[in-house]
Structure formats: C-alpha cells, structure tokens
Amino acid sequence: MLMKQLWKMFVAVHVFLYRSTGGRIGNFNREQFGILLLTTIGKKTGKSRTSTLGYFPEDSYYVVIASNAGMDYHPSWYSNLKRNPQVEIQINNNRMRARAEAVTGAERERLWAKLKTIAPNYANYEKRTTREIPLVALYPEEELGKNKI
5 MLMKQLWKMF
15 VAVHVFLYRS
25 TGGRIGNFNR
35 EQFGILLLTT
45 IGKKTGKSRT
55 STLGYFPEDS
65 YYVVIASNAG
75 MDYHPSWYSN
85 LKRNPQVEIQ
95 INNNRMRARA
105 EAVTGAERER
115 LWAKLKTIAP
125 NYANYEKRTT
135 REIPLVALYP
145 EEELGKNKI
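Take 5 as the starting number for the sequence shown in the working numbering and just add one per residue.
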C-alpha cells in the first residue's frame with residue numbers, strides 16, 4: 005500500500021514539473037523516444053486523470069506503451085481510454101486532443117520490435133509479465149495551443 009501511495013505522489017510531482025516547465029523538466033526529449041502527458045477520463049469516477057508515459061513518434065501519430073512496469077495487469081489509464089478513446093496529450097509545451105486506438109496484429113509486432121531497439125528496457129518488462137503489453141496509437145485531432153507556464 006505504501007508503494008502505491010509513493011508512486012501516486014511521484015506521478016503527481018512528475019506531471020506538475022512537466023506541465024509547469026513545458027516539458028523542460030520531466031522529459032527525456034530525445035528524438036526517437038520521449039515522455040508525454042496523457043489525460044484520460046476515469047471510467048469509474050468520470051474525472052480527468054493524467055499520466056506520464058514513454059512514447060515514440062510514428063508517421064502521423066504517437067505510440068504509448070501500457071507496460072505498467074511489467075506488472076501482470078494493465079495500467080488504469082489503459083482501461084480508461086478503452087472505455088473513452090478521446091484523450092488529451094501534451095508533448096513538451098504543445099497540447100492536443102487525440103483519439104486512442106490499441107495497435108494489434110502484425111503492426112503491433114512491428115512497433116514492438118522498433119520500441120525494443122529505441123528503448124531496450126521494455127524487453128525487461130515483457131519478460132516480467134504474463135500478459136501482452138498493449139501499444140496504443142494516439143492520433144492527433146485538434147491543436148489546443150501552448151500550455152500556459
């Protein structure tokens with residue numbers, strides 16, 4: 005229970021630092037792999053929930069990984085977006101609405117192989133869990149402008 009509370013506090017601080025600095029703090033900001041903020045609507049509460057997630061760009065969309073650090077269950081944000089695929093993302097200081105869609109089949113396999121070359125630590129998560137780690141495509145739909153910092 006203590007670990008869960010500490011993790012929630014860490015995520016809250018990470019989100020705060022990322023938002024308040026426009027991603028200057030809290031983002032790797034590498035060309036091939038970075039950190040974004042994903043805001044979903046809680047499936048139980050109906051409230052906005054924001055998570056910090058690793059992502060990589062792919063063609064006209066972004067890919068996020070529902071690894072949950074290799075745990076044997078999906079992260080809550082994944083359940084939220086399965087119920088309501090309309091999400092908001094922030095990359096650095098740019099905010100946008102997006103549509104989320106799970107990537108499956110051969111496309112998932114291709115993207116998973118790419119992910120393991122640009123962020124090899126995800127191979128460890130894959131070994132740790134009995135589930136297939138979902139990949140989610142985020143398709144930008146509307147620019148919301150810059151985050152006010």
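Ideal Cβ placement from N, Cα and C applies to all residues, glycine included.
Note that this is a predicted model, so its numbers are computed, not measured.
Helix or strand or just coil, what does DSSP make of residue i?
i	result
K150	strand
Q36	coil
A102	strand
Based on DSSP bridge pairs, tell me the residues matched to residue i.
i	result
S55	L42
P138	None, per the DSSP bridge assignment.
Q90	R103
F20	Bridge partners of F20: none, in fact.
Y82	Y82 is not bridged to any residue.
F60	V67
Given this structure, state the Cα-to-Cα distance separating residue i from residue j, to the nearest angstrom.
i	j	result
L3	A73	Lying outside 5 to 153, the shown extent of the chain, residue 3 is not represented and no answer is given.
I137	R112	10 angstroms
R99	F20	15 angstroms
L40	K131	25 angstroms
L127	Y59	Note on residue identity: the sequence assigns Ala, not Leu, to residue 127. When rounded, the distance between both Cα atoms is 15 angstroms.
H18	K12	10 angstroms
So the candidates are the options; which of them puts its Cα closest to the Cα of residue i?
i	options	result
E35	R103, K86 and N96	N96
A106	V68, W11 and E147	V68
E145	S24, P89 and F37	P89
W81	R53, G58 and A141	R53
K150	G50, I93, S83 and G58	I93
S83	Y66, T49 and Y65	T49
R87	T44, G109, Y66 and Y129	T44
N125	F37, L10, L142 and A16	F37
R101	G46, Y65 and L57	Y65
V91	H78, A110 and K47	K47
T134	M75, L6 and Q9	M75
L85	G27, K51 and A117	K51
Y143	M7, A104 and H78	A104
Over the uninterrupted beta strand (DSSP E) stretch that includes residue i, give me the two end residues.
i	result
Y66	Y65 to I69
In the DSSP assignment, find the alpha helix (DSSP H) that holds residue i and state where it starts and stops.
i	result
Y77	That residue, Y77, is in no alpha helix (DSSP H); it is neither H nor E in DSSP.
A123	Taken as a continuous stretch (DSSP letters only), A123 belongs to no alpha helix (DSSP H), as it is neither H nor E.
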